[in-house]
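To start, the structure under review is shown below, and the notes come after it.
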Amino acid sequence: MGVTLVSISRLTAASYAALFRENSCKIFNEKKKLMGEIAVSRGLYCIKGSKGSFAGVAGVKETLTMREIHARLGHMAPSTIAQMIRDGAITGIVLDSSEATMESCESCEYVKATRKPIGKVRDPPRRESFGDEVHSDLWGPSPVKTPGQKEYFMSFTDD
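Heads up, the sequence shown is in full-length UniProt numbering, so the first residue is 1 and it goes up one at a time.
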């Protein structure tokens, strides 16, 4: 079952009022006209009625800092966020001009620091003669035996 969440703080920010009584919540506009009623069902206020009843509330814009938008959009690059806001691709959000930039994001730096590039030069250098350096590995017991009833495997690698 799908549900619609209603933010009372957004309603009041848009000059709406909410009146809670025993079994319902009534939403009024600034002219005190009833805009909708939300009935209680199993302890929750469930919206019934036309989808457009609360459409005016969607016009409320939230002012956020670049750091808040960055976190909400999955740590997207701040330059990309600024471009999307300029292009109108992000709606419902106003960038706080006093904090329109951000220095660094600890989470982003941590994720980027966990990888180490593969070096271009082999370290230590490869051995020159056959048998100078040999690596071995013993694996087993195997859950399935070979036709010769063997259950271990040994490998040797000449480096």
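By construction, the Cβ of each residue, glycine as well, lies at the ideal position given by its N, Cα and C atoms.
Values in this document were obtained by computation on a predicted structure and should not be read as measured data.
Query                                                                                                                                                 : Result
With residue 107 as the anchor, note down where its alpha helix (DSSP H) starts and where it stops.                                                   : 106-113
Between which two residues does the beta strand (DSSP E) containing residue 66 stretch?                                                               : No beta strand (DSSP E) holds residue 66; the alpha helix (DSSP H) holding it covers 66-72.
Would residue 66 be called buried (16 or more neighbouring beta carbons within 10 Å of its own) or exposed?                                           : buried
Return the bridge partner residues of residue 39 from the DSSP annotation.                                                                            : 24 and 46
Using 8 Å as the threshold, is the region 84-103 in touch with the region 124-139, meaning 3 or more CB pairs across them?                            : no
Among the candidates 110, 80, 130 and 151, whose CA atom is the shortest distance from the CA of residue 140?                                         : 151
Classify residue 44: buried if its beta carbon has 16 or more other beta carbons within 10 angstroms, exposed otherwise.                              : exposed
Between the Cα of residue 128 and the Cα atoms of 159, 153 and 37, which residue gives the shortest distance?                                         : 159
Following the continuous beta strand (DSSP E) through residue 154, name the residue where it begins and the one where it ends.                        : 153-158
Using CA atoms only, rank isn't needed, just tell me which of 144, 118, 121 and 110 is closest to residue 75.                                         : 110
Would you grab the beta carbon distance between residue 81 and residue 73 for me? Rounded to a whole angstrom, and I think it's under 8 Å.            : 6 Å
Look up residue 90 in the DSSP assignment and give the residues it is bridged to.                                                                     : Per DSSP, none; premise fails for residue 90.
Taking only the alpha-carbon atoms, compute the straight-line gap between residue 10 and residue 16 and give it to the nearest angstrom.              : 9 Å
I'd like the list of long-range same chain contacts for residue 94, defined as Cβ closer than 8 Å, with 5 residues on each side in sequence excluded. : 61, 62, 63 and 64
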